[in-house]
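Counting the sequence shown from 1 gives a position; the numbering used here is that position plus 3.
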Amino acid sequence: MKTMFVRGGTSRIQDREFARKVYTVSLRVLILFLISLSITGCFGERVSEQQHLDNSALAPGVSSSSDISPFAKRILERRPIVDRGGTILCVSKKDPDKGALRVRPYKGLFDHIIGYIDRYGRGLDGLEYVYDSFLLSKDRRGDLDDPLVLSVEKNLQAMCYDNLAWQMSRLRAKAGSIILMDVKTGQILAMANIDKRNKKLLQTESKNLAVEGLVNPWPVMLTIAQVQVLESRLKALEKRAGVTSKEDGKDVQRSNLLEDDDNPIVKIKRWHWHDFGESAAIWTRFDEEELDNLRLKKDLLTRLINVGFGQETGIDLPEEQQGRLPSMLSEHVSGLISSTASSTPIQILSAYTALLKNDGPVQPRLAMNIGSEDDNRDGNESDQRSKGLFGKETHKMLLSTFGDNGGPSIASYSLAECNGEKECYQVMGLGFWPANNPKVSYISVLFDAKYTPEKRRGTLGKMVSLARKGVKALGLQYRFALNKQQKGKVTSEVNNGLTMPKIMPDLRGMSIRSALDVVGRLGMRIRISGTGKVKEQYPKPGRRISKGQECVIVCVKGAV
Numbered sequence: 004m005k006t007m008f009v010r011g012g013t014s015r016i017q018d019r020e021f022a023r024k025v026y027t028v029s030l031r032v033l034i035l036f037l038i039s040l041s042i043t044g045c046f047g048e049r050v051s052e053q054q055h056l057d058n059s060a061l062a063p064g065v066s067s068s069s070d071i072s073p074f075a076k077r078i079l080e081r082r083p084i085v086d087r088g089g090t091i092l093c094v095s096k097k098d099p100d101k102g103a104l105r106v107r108p109y110k111g112l113f114d115h116i117i118g119y120i121d122r123y124g125r126g127l128d129g130l131e132y133v134y135d136s137f138l139l140s141k142d143r144r145g146d147l148d149d150p151l152v153l154s155v156e157k158n159l160q161a162m163c164y165d166n167l168a169w170q171m172s173r174l175r176a177k178a179g180s181i182i183l184m185d186v187k188t189g190q191i192l193a194m195a196n197i198d199k200r201n202k203k204l205l206q207t208e209s210k211n212l213a214v215e216g217l218v219n220p221w222p223v224m225l226t227i228a229q230v231q232v233l234e235s236r237l238k239a240l241e242k243r244a245g246v247t248s249k250e251d252g253k254d255v256q257r258s259n260l261l262e263d264d265d266n267p268i269v270k271i272k273r274w275h276w277h278d279f280g281e282s283a284a285i286w287t288r289f290d291e292e293e294l295d296n297l298r299l300k301k302d303l304l305t306r307l308i309n310v311g312f313g314q315e316t317g318i319d320l321p322e323e324q325q326g327r328l329p330s331m332l333s334e335h336v337s338g339l340i341s342s343t344a345s346s347t348p349i350q351i352l353s354a355y356t357a358l359l360k361n362d363g364p365v366q367p368r369l370a371m372n373i374g375s376e377d378d379n380r381d382g383n384e385s386d387q388r389s390k391g392l393f394g395k396e397t398h399k400m401l402l403s404t405f406g407d408n409g410g411p412s413i414a415s416y417s418l419a420e421c422n423g424e425k426e427c428y429q430v431m432g433l434g435f436w437p438a439n440n441p442k443v444s445y446i447s448v449l450f451d452a453k454y455t456p457e458k459r460r461g462t463l464g465k466m467v468s469l470a471r472k473g474v475k476a477l478g479l480q481y482r483f484a485l486n487k488q489q490k491g492k493v494t495s496e497v498n499n500g501l502t503m504p505k506i507m508p509d510l511r512g513m514s515i516r517s518a519l520d521v522v523g524r525l526g527m528r529i530r531i532s533g534t535g536k537v538k539e540q541y542p543k544p545g546r547r548i549s550k551g552q553e554c555v556i557v558c559v560k561g562a563v
């Protein structure tokens, strides 16, 4: 019988059907694979670590590639911005859609300080505008690799922001600002800002209330008036005691004058709220009789001008409101509360700090490694104008009277005009730490508050703990902020005094924010590609690193 050869033990018809099925399944698998790639966004080019080092177009901060626009190159050339501890607050990054952009890892904390740029790489607001030339390396002050170092500290800024949000929630306020300042140098340690009054405004349209919000500074004006009374009484008592001691041949110590129970210089009691009618109140140690019978001196307006009221502070932020003082003041305290005087929170804090120093006004600053062009020009004039605002003994009495407190030294509230509310208040709190030798001063201002701190006590008291942490933050010194003599001595030291690690840490699995924090504190330059979590890094974990070395991280979305 004749047989037919069959390949694989099957007929040719069955073989063709099997091949057709395999082809169909393979085609379907290929189509599904392509669809999955397009959905997950993984259809783009994947490059290795070495390619990131060789191809400058993939690394933010390098503008030698020819496939990006000149405006994107301009953005990529801008220097990073770091805090006083070296943490990166703003850095340029290449973007596949826009070409390049400025990345702020801590969005919401520093936006009102840093500002923003336009699509052409020009600074339009905040520090991006004030130091536009320096950030573009056109200003040759400092090395070209130096970032813009700010006096603020990231963790302290976050705590102030949280505390401000807590104060606003307790008093149902719609806006507020908190500022911490170095008493000696005027450096801003923290500047928190929240404004919920108009939610329709864009982020770039919102105001920085620290330099643009105007309030009546009557509590500080009243404090200066009280110090004037202390000074006049102290001089009268010293004169009377001097005559007596001269007749008796005895030497009277000035410290005993402050503790004279029979004839005290000022009547002081426990801290309490003193009401000025139904419209305002102040947190004070002065006796009610003292405040009710207080009469303002004629030279009070001159003293207010000497500490800086009605003038710009010169802070390195744009659009600072000048404020104003009335042409004349009433001799009654009620005249201060109802006066047309207005100042920004930064101006009030600057004037209050001048009282604490008693040695001329302090110019607030945010940039640590760049000096103001007006620093030397107006410094001598300001010192001559306000030096020795009060006598030494009066200044000591000021610190002992207002510093012996577990909360703010000055706190107040007053009725204010508000939109859509029957009744709202402006709340203010000021203080300093430590009591005997002020190093950090602070202010908290709340706008359009529904409740008063007198009804909800303890709202402003937590500011003292922030001032204590501000004193610790003064010890942080980023190496780029050191002067030339110190900079030459620094070899392997970083911001907080620790030595530069010789081994690269493992950044894989970290978020961009955490990676920026670690790399920034190591003093390394950084390049970022992608978004999400760190998948690849160079140098590899465990490799030796050196100061100023470049670190490249590749980030992807999803699990790593």
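Idealized CB from N, CA, C, for every residue including glycine.
Terminal residues of the beta strand (DSSP E) in which residue i lies
i, result
"Tyr445", "443 to 452"
"Gln540", "536 to 541"
"Asp1", "Residue 1 is absent from the structure shown; the chain starts at 4 and stops at 563."
"Asp198", "191 to 198"
"Leu567", "Lying before the first or after the last residue shown, residue 567 is absent from the chain, which here runs from 4 to 563."
"Arg327", "No beta strand (DSSP E) holds Arg327; DSSP gives it neither H nor E."
"Arg528", "528 to 532"
Residues of its chain near residue i, where Cβ-Cβ distance is below 8 Å and the 5 sequence neighbours each way are ignored
i, result
"Pro589", "A query on residue 589 cannot be resolved here, the shown segment of the chain reaching from 4 to 563 and no further."
"Gly338", "Leu299, Leu332"
"Leu477", "Asp185, Leu192, Lys442, Val443"
"Glu215", "Glu322, Glu323, Gln324, Thr347"
"Arg105", "Ile78, Arg81, Cys93, Val94, Ser95, Lys96, Tyr119, Ile120, Glu131"
Whole-number beta carbon distance between residue j and residue i, since they are thought to touch under 8 Å
i, j, result
"Ala284", "Trp276", "5 Å"
"Leu469", "Cys163", "6 Å"
"Ala357", "Leu328", "That pair is no contact at about 15 Å."
"Ile318", "Pro348", "That pair is no contact at about 11 Å."
"Ile556", "Ala518", "6 Å"
"Lys97", "Ala103", "5 Å"
"Leu449", "Gly179", "4 Å"
"Leu359", "Phe435", "6 Å"
"Leu151", "Leu167", "With 8 Å as the limit, Leu151 and Leu167 do not qualify as a contact, their Cβ atoms being about 25 Å apart."
Residue i - containing alpha helix (DSSP H), residue span
i, result
"Glu396", "395 to 406"
"Ser172", "157 to 174"
"Leu519", "515 to 524"
"Asp302", "That residue, Asp302, is in no alpha helix (DSSP H); it is neither H nor E in DSSP."
"Lys472", "466 to 476"
"Lys360", "348 to 360"
"Ser337", "336 to 340"
"Arg77", "73 to 79"
"Leu212", "212 to 215"
"Asp135", "135 to 138"
Spatial neighbours of residue i in its chain, beta-carbon cut-off 7 Å, leaving aside the 5 residues before and after
i, result
"Asp386", "Residue confidence for Asp386 is low, a pLDDT of 42 falling below 50, so the modelled location carries little weight; the figure read from the coordinates is stated next. Result list for Asp386: Gly363, in chain order."
"Arg23", "none"
"Glu334", "Arg298, Leu299"
"Tyr454", "Leu174, Arg175"
"Val133", "Asp319, Leu320, Pro321"
"Lys492", "Residue placement at Lys492 cannot be trusted, given a pLDDT of 35 that sits under 50; what the coordinates show is reported in the next sentence. Nothing listed; no residue qualifies."
"Arg107", "Leu92, Cys93, Phe113, Asp114, Ile117"
"Gly500", "Low local confidence applies: a pLDDT of 35 at Gly500 is under 50, so the model's placement there is unreliable, and no value is given."
"Gly545", "Ile506, Met507"
"His398", "Asn361"
Identified DSSP bridge partners for residue i
i, result
"Lys96", "Leu104"
"Cys558", "Val537"
"Thr287", "His275"
"Ser417", "Ala283, Gln429"
"Asp149", "None; Asp149 has no bridge partner."
"Phe435", "Ser444"
"Glu553", "Arg528"
"Tyr119", "Asp128"
Chain-order list of residues whose beta-carbon lies under 6 Å from that of residue i (same chain, five-residue window excluded)
i, result
"Asp160", "Residue identity check: residue 160 is Gln in the sequence provided, not Asp. Once the five neighbours on either side are set aside, the close Cβ partners of Gln160 are Leu112, Ala193."
"Arg77", "Gly124"
"Asp128", "Gly118, Tyr119"
"Thr90", "Lys157, Asp520, Gly523"
"Arg288", "Ile271, Trp274"
"Gln529", "Before going further, note that residue 529 is Ile rather than Gln in the sequence given. Same-chain partners within the cutoff: Val522, Cys554."
"Gln552", "Met527"
"Ile227", "Arg306"
beta-carbon residue i near the ligand COA non-hydrogen atom, thresh 7 Å
i, result
"Leu477", "The ligand COA is absent from the structure shown, which contains no ligand whatsoever."
Short CB-CB distance (under 8 Å) between residue i and chain D
i, result
"Arg81", "Although the question refers to chain D, the structure presented lacks it and comprises just one protein chain."
Tell me, please, whether the stretch 297 to 307 touches the stretch 227 to 235 by the rule of three or more beta-carbon pairs shorter than 8 Å.
Contact between the stretch 297 to 307 and the stretch 227 to 235 is present: 3 or more CB-CB pairs across the two stretches fall below 8 Å.
Within the chosen definition, does the stretch 535 to 542 reach the stretch 507 to 521 through at least 3 CB pairs nearer than 8 Å? Yes, since at least three Cβ pairs between the stretch 535 to 542 and the stretch 507 to 521 fall closer than 8 Å, the two stretches touch.
Segment contact flag, the stretch 130 to 140 with the stretch 80 to 94, C-beta cutoff 8 Å, min 3 pairs
With a cut-off of 8 Å, the stretch 80 to 94 and the stretch 130 to 140 count as touching, because enough Cβ pairs lie within range.
Query - Segment contact flag, the stretch 175 to 188 with the stretch 398 to 408, C-beta cutoff 8 Å, min 3 pairs - result: Not touching, per the Cβ criterion.
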